[in-house]
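For the record, in the sequence shown the residue sitting at position 362 is 362 according to UniProt numbering, with numbers rising by one throughout. All remarks here apply to the structure that follows.
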Amino acid sequence: MNQLTVLFDHLHTTLHYFAWGPATIFLLAVAGIWFTVLTGFFQVRHLKLWWNATIATAWSGRKQGEGKGISGFQSACTALAATLGTGNIAGVATALAAGGPGAVFWMWISAFFGAMTGYAENVLAGLYRGRDKQGQPIGGAMFYIQQGLNCRWLAVLFSVLCILGSLGMGDMAQANSIATGLEDAFQIPPLFTGVAVALLVGFAIQGGIQRISRMTEAIVPFMAVLYTLAALWVVAVNWRTIPDVLRLIWTQAFSWQAGAGGVAGYGVQQALRIGVARGVSSNEAGLGSSVMANSASGRHPVEQGMWGIFEVVVDTLFMCLLTALAILCSGVYDTPRYALAQRQGLIHTLPNGAALTADAFRTVFGPLGGGLIALSLLLFAFSTLLGWSYYGERAVEYVFGSKGVPVYKALYLICIVIGCVTQLEVIWDWSDIFNGLMALPNLVAVLWLSPKVIRTTREYFSK
Numbered sequence: 001m002n003q004l005t006v007l008f009d010h011l012h013t014t015l016h017y018f019a020w021g022p023a024t025i026f027l028l029a030v031a032g033i034w035f036t037v038l039t040g041f042f043q044v045r046h047l048k049l050w051w052n053a054t055i056a057t058a059w060s061g062r063k064q065g066e067g068k069g070i071s072g073f074q075s076a077c078t079a080l081a082a083t084l085g086t087g088n089i090a091g092v093a094t095a096l097a098a099g100g101p102g103a104v105f106w107m108w109i110s111a112f113f114g115a116m117t118g119y120a121e122n123v124l125a126g127l128y129r130g131r132d133k134q135g136q137p138i139g140g141a142m143f144y145i146q147q148g149l150n151c152r153w154l155a156v157l158f159s160v161l162c163i164l165g166s167l168g169m170g171d172m173a174q175a176n177s178i179a180t181g182l183e184d185a186f187q188i189p190p191l192f193t194g195v196a197v198a199l200l201v202g203f204a205i206q207g208g209i210q211r212i213s214r215m216t217e218a219i220v221p222f223m224a225v226l227y228t229l230a231a232l233w234v235v236a237v238n239w240r241t242i243p244d245v246l247r248l249i250w251t252q253a254f255s256w257q258a259g260a261g262g263v264a265g266y267g268v269q270q271a272l273r274i275g276v277a278r279g280v281s282s283n284e285a286g287l288g289s290s291v292m293a294n295s296a297s298g299r300h301p302v303e304q305g306m307w308g309i310f311e312v313v314v315d316t317l318f319m320c321l322l323t324a325l326a327i328l329c330s331g332v333y334d335t336p337r338y339a340l341a342q343r344q345g346l347i348h349t350l351p352n353g354a355a356l357t358a359d360a361f362r363t364v365f366g367p368l369g370g371g372l373i374a375l376s377l378l379l380f381a382f383s384t385l386l387g388w389s390y391y392g393e394r395a396v397e398y399v400f401g402s403k404g405v406p407v408y409k410a411l412y413l414i415c416i417v418i419g420c421v422t423q424l425e426v427i428w429d430w431s432d433i434f435n436g437l438m439a440l441p442n443l444v445a446v447l448w449l450s451p452k453v454i455r456t457t458r459e460y461f462s463k
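Okay, structure coming up:
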């Protein structure tokens with residue numbers, strides 16, 4: 001048994017290093033910088049354009065779908081539902097615990113450049129779009145990998161990793177955060193939460209993308225406003241600490257030696273690795289996942305790409321940063337204490353994940369803070385469960401055909417229950433692994449097909 005445990009730990013360490021080692025970090029950096037430079041810093045230079053092309057047009061066209069697909073607003077809400085998940089609440093807290101305040105800086109940097117990776121993969125998904133049996137538009141990284149690279153096996157590999165990712169980050173990590181939040185605030189048993197959430201998700205996913213999009217259309221705007229206002233109030237109450245917190249984030253991001261100056265630190269390598277991994281887990285830039293929901297609307301490829309930018313900006317440059325500031329400004333996070341616990345393997349003994357964020361909210365809202373986080377987690381995670389179920393379903397259909405979908409849906413619901421009763425750190429670790437492995441084939445395709453992205457962008461602006 002001990003040998004099996006050692007072998008499992010070795011496999012976990014090896015896969016984690018391979019998934020989030022130098023190769024993945026390098027590809028993510030190259031892709032983001034490459035598309036940022038080639039488009040002349042599109043995300044900054046055309047900020048007004050992509051903002052108007054996303055939010056403004058979405059609200060005006062929310063009642064009508066384009067073609068036989070769903071409306072632009074519904075597809076955006078479905079993509080944002082999967083993107084705006086517990087990574088914005090629990091994921092940021094676990095990133096702080098595992099990588100220190102410096103991880104926040106690297107999450108932000110990866111998101112700034114990653115926005116253009118999100119743009120590129122959405123443009124490609126719009127170019128290599130297909131139709132399902134009902135005539136509705138469908139797309140995804142597997143389509144541009146197969147058609148653009150003429151590489152079926154790589155598309156299948158991506159799809160398999162997408163399925164695993166949907167069961168990890170998209171399923172169990174979300175369910176675990178719901179269970180943790182409800183147990184922390186209302187002492188609801190995790191198993192009860194798991195069964196209840198599984199039943200609700202089961203009802204939603206049986207209705208396909210139309211029912212999923214209608215539900216996310218109702219949930220996403222409300223949950224985003226609720227959490228944003230609450231987190232902003234926590235930061236506002238502690239506004240005097242903001243300069244010190246920003247200084248801490250900056251210095252810890254470049255702290256090359258742990259424990260330098262007698263203060264326990266994390267080191268830049270840990271901060272960089274955790275920051276990028278959790279940033280990508282949250283905003284999905286480079287994973288090739290959110291493009292599946294965006295492809296269902298039938299928008300122009302460049303306009304679809306603008307949604308890729310918007311999702312990354314809202315998710316990480318705003319929401320994740322807001323959570324980090326709320327935690328750090330409230331004073332519930334002590335850097336030396338967490339860094340020491342991390343190195344000694346005792347991080348599980350300290351408040352982590354959603355519990356740490358809830359502690360920050362309690363400093364301002366009292367007992368109500370735990371309830372606010374529990375409600376936010378329920379809405380964020382439930383919407384993510386819906387969005388990722390659609391991604392996994394598309395991947396299963398690509399590899400196994402429609403006959404594999406019922407089996408996948410059943411497995412997805414079972415994993416919700418498992419996720420609610422499993423240890424938090426284990427779920428996030430394996431979710432990071434699947435996400436990193438999923439990103440590799442997608443990034444290869446996106447970089448290889450970059451001339452098509454640039455050509456399509458130039459043609460759009462020449463009209």
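Here a beta-carbon is modelled for each residue, glycine too, at the ideal position from N, C-alpha and C.
CA-to-CA distance, residue j to residue i, given in whole angstroms
i	j	result
Gly-261	Val-280	The predicted position of Gly-261 is uncertain, since its pLDDT is 37 and thus under 50; no value can be drawn from it.
Thr-180	Arg-247	31 angstroms
Ala-374	Phe-380	10 angstroms
Tyr-128	Lys-452	11 angstroms
Leu-232	Pro-101	19 angstroms
Pro-406	Ser-330	46 angstroms
Thr-39	Ala-120	10 angstroms
Gly-419	Ala-90	14 angstroms
Phe-143	Leu-161	15 angstroms
Lys-48	Asn-283	21 angstroms
Gly-99	Met-107	11 angstroms
Tyr-398	Asp-184	40 angstroms
Thr-193	Leu-182	8 angstroms
Ser-110	Leu-191	36 angstroms
Ala-324	Ser-450	34 angstroms
Trp-428	Gly-87	10 angstroms
Ala-155	Leu-167	19 angstroms
Leu-386	Ala-196	15 angstroms
Gly-207	Thr-216	13 angstroms
Glu-311	Pro-189	33 angstroms
Arg-337	Leu-200	39 angstroms
Thr-363	Ala-326	10 angstroms
Ser-159	Lys-403	16 angstroms
Tyr-460	Ile-178	43 angstroms
Ala-253	Ser-213	38 angstroms
Beta-carbon gap between residue i and residue j smaller than 8 angstroms
i	j	result
Ala-31	Gly-286	yes
Ala-198	Val-417	yes
Leu-440	Leu-27	yes
Thr-384	Gly-170	yes
Asn-122	Gly-308	yes
residue 482	Gly-140	This structure cannot speak to residue 482, because the chain is shown only from 1 to 463.
Ile-242	Phe-105	no
Nearest-angstrom beta carbon gap, residue j and residue i [assumed within contact, 8 angstroms]
i	j	result
Ile-205	Lys-409	6 angstroms
Gly-202	Leu-411	In fact, because the Cβ distance is near 12 angstroms, the residues do not count as touching under 8 angstroms.
Phe-113	Ile-33	6 angstroms
Val-302	Thr-457	6 angstroms
Gly-356	Val-332	Sequence inspection shows Leu at residue 356; the Gly mentioned does not correspond to that position. About 7 angstroms; that satisfies the 8 angstroms criterion.
Met-223	Ser-389	Met-223 to Ser-389, Cβ: 18 angstroms. No contact.
Ile-163	Val-396	6 angstroms
Of the residues the options, the one placed nearest residue i, counting alpha carbons only
i	options	result
Val-234	Arg-455, Met-172, Gly-366 and Ala-155	Gly-366
Ala-103	Phe-113, Val-92 and Phe-112	Val-92
Ala-97	Glu-425, Val-291 and Asp-432	Glu-425
Gln-174	Trp-448, Met-306, Cys-415 and Gly-436	Cys-415
Phe-18	Phe-434, Gln-269, Ala-115 and Leu-372	Phe-434
Ala-115	Phe-318, Gly-165 and Gly-370	Phe-318
Trp-20	Ser-402, Asn-442, Leu-437 and Arg-45	Leu-437
Leu-322	Ile-145, Leu-372, Thr-228 and Gln-187	Thr-228
Gln-43	Gly-305, Phe-186 and Lys-463	Gly-305
Status (buried if at least 16 other CB within 10 Å, exposed otherwise) for residue i
i	result
Thr-36	buried
Asn-52	exposed
Thr-117	buried
Thr-54	buried
Gln-423	exposed
Asn-294	buried
Arg-278	buried
Gly-392	buried
Arg-394	buried
Ser-289	buried
Ala-218	exposed
Ala-236	exposed
Arg-273	buried
Gln-257	In this predicted model, Gln-257 has a pLDDT of only 46, less than 50, meaning its place in the structure is not dependable enough to derive any value.
Asn-150	exposed
Ser-462	exposed
Trp-153	exposed
Leu-378	buried
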